[in-house]
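>
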Amino acid sequence: MGPEEWQAVALSLKVAFWAALASLPLGIFVAYALARWRFPGREILNGLVHLPLILPPVVTGYLLLISLGSRAPLGAFLQNFGIVFSFRWTGAALAAAIMGFPLMVRAIRLSIEAVDTKLEEAASSLGASPLTVFFRVTLPLSWPGILAGAVLAFAKALGEFGATITFVSNIPGQTRTLPSAIYAFLQVPGGEGAALRLVMISIALAMGALILSEILARRMSGGGRS
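Numbering of the sequence shown is given in our numbering, commencing with residue 17 and proceeding in unit increments.
(1) Closest to I219 by C-alpha separation, out of G161, E137, K30, I198, would be which residue?
(2) Using the beta-carbon count (16 or more within 10 Å), is G165 buried or exposed?
(3) Could you round the C-beta distance between Y48 and I162 to whole angstroms and report it? I think they count as a contact, below 8 Å.
(4) Secondary structure at I187, three-state DSSP: helix, strand or coil?
(5) Could you give the DSSP three-state label for P72: helix, strand or coil?
(6) Kindly provide the ranges of any alpha helix (DSSP H) runs that are 4 or more residues long and lie completely inside the segment 31 to 71, ordered along the chain.
(7) Indicate whether E176 and V153 have their beta-carbon atoms separated by less than 8 Å.
(8) Please classify V204: does DSSP put it in a helix, a strand, or coil?
(9) Flag this pair as yes or no: are the beta carbons of G173 and A32 separated by less than 8 Å?
(10) When you compare only the Cα positions, how much space is there between S86 and L80?
(11) Check this for me: beta carbons of L232 and V25, under 8 Å apart or not?
(12) Touching or not, the segment 105 to 113 and the segment 28 to 43, by the rule of three or more beta carbon pairs under 8 Å?
(13) Closest by CA to P188, which one among A35, F103, W53?
(14) Give the single residue among N62, I217, L37 whose Cα lies nearest to the Cα of R122.
(15) Can you give the Cα-Cα distance for Q23 and V167, rounded to whole angstroms?
(16) Where are the alpha helix (DSSP H) runs, 4 residues long or more, that stay fully inside the segment 101 to 182, in chain order?
(17) Express the C-alpha separation of I227 and L221 in angstroms, rounding to a whole number.
(18) Decide if I114 is buried, meaning its Cβ has at least 16 other Cβ atoms within 10 Å, or exposed.
(19) In terms of residue numbering, what span does the alpha helix (DSSP H) encompassing A92 cover?
(20) Output yes or no for whether 8 Å exceeds the beta carbon distance between G43 and F93.
(21) Should G77 be labelled buried (16 or more other beta-carbon atoms within 10 Å of its own) or exposed?
(22) Can you find the residues in the same chain that come closer than 6 Å, C-beta to C-beta, to A130, ignoring five residues on each side of it along the sequence?
This is the structure we're talking about:
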């Protein structure tokens with residue numbers, strides 16, 4: 017592959033890694049809230065979490081642009097602290113994180129719901145605080161599902177295109193991820209070969225992530241049985 021292709025692959029891995037890692041703490045909190053708590057607006061929160069799966073990705077990207085763009089009030093405010101998202105790889109990571117967040121939360125929520133509440137109650141009856149119960153009981157037992165959710169979010173981030181190109185455009189070396197590079201190569205004569213190579217890499221990365229998430233899901237269900 018040429019330098020531009022390697023650059024797109026490296027940037028995609030960087031964006032996907034930080035998208036999954038940065039959204040993981042919030043994903044665990046939201047998943048735990050949906051799995052264990054009952055509160056007013058719970059269904060609204062669940063709907064907001066899954067909204068990026070339903071909305072066209074371009075809509076998500078446009079909402080990010082008008083809220084965090086350089087001319088948007090919030091975007092301009094954040095720039096005072098050196099935080100810039102629009103037309104930067106950080107914006108691509110943010111867009112990818114939002115698009116992968118529903119998959120992450122769903123996997124983590126299912127893993128938390130699979131934890132026997134009697135174990136949590138037993139720890140509480142022995143004097144453990146709610147935070148201790150969470151970190152010493154719930155979190156370790158749901159860890160395979162948490163990893164599976166992170167892997168799914170990573171895979172989704174690798175393939176994100178619509179929200180990313182709307183929010184941060186398609187700048188070589190800055191925001192041109194794998195999907196954007198494939199699109200760009202298909203627009204120029206003789207670019208089909210490079211596009212095909214990137215397509216094969218995308219398929220390999222996606223399949224690897226799906227296989228890993230399946231292995232983790234089986235471990236979470238207890239036994240690696242099909």
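Note that beta-carbon positions come from the ideal geometry of N, C-alpha and C, so glycine has one too.
Taking the structure as given:
(1) I198
(2) Buried.
(3) At roughly 10 Å, the Cβ-Cβ gap does not stay under 8 Å, so Y48 and I162 are not in contact.
(4) coil
(5) coil
(6) As for any alpha helix (DSSP H) of minimum length 4 sitting wholly inside the segment 31 to 71, the runs are 58 to 70, ordered along the chain.
(7) no
(8) coil
(9) One detail in the question is off: residue 173 reads as Ala in this sequence, not Gly. A contact, by the Cβ cut-off of 8 Å.
(10) 11 Å
(11) no
(12) yes
(13) F103
(14) N62
(15) 22 Å
(16) 105 to 129, 133 to 141, 146 to 149, 159 to 175
(17) 10 Å
(18) buried
(19) 89 to 95
(20) no
(21) buried
(22) none
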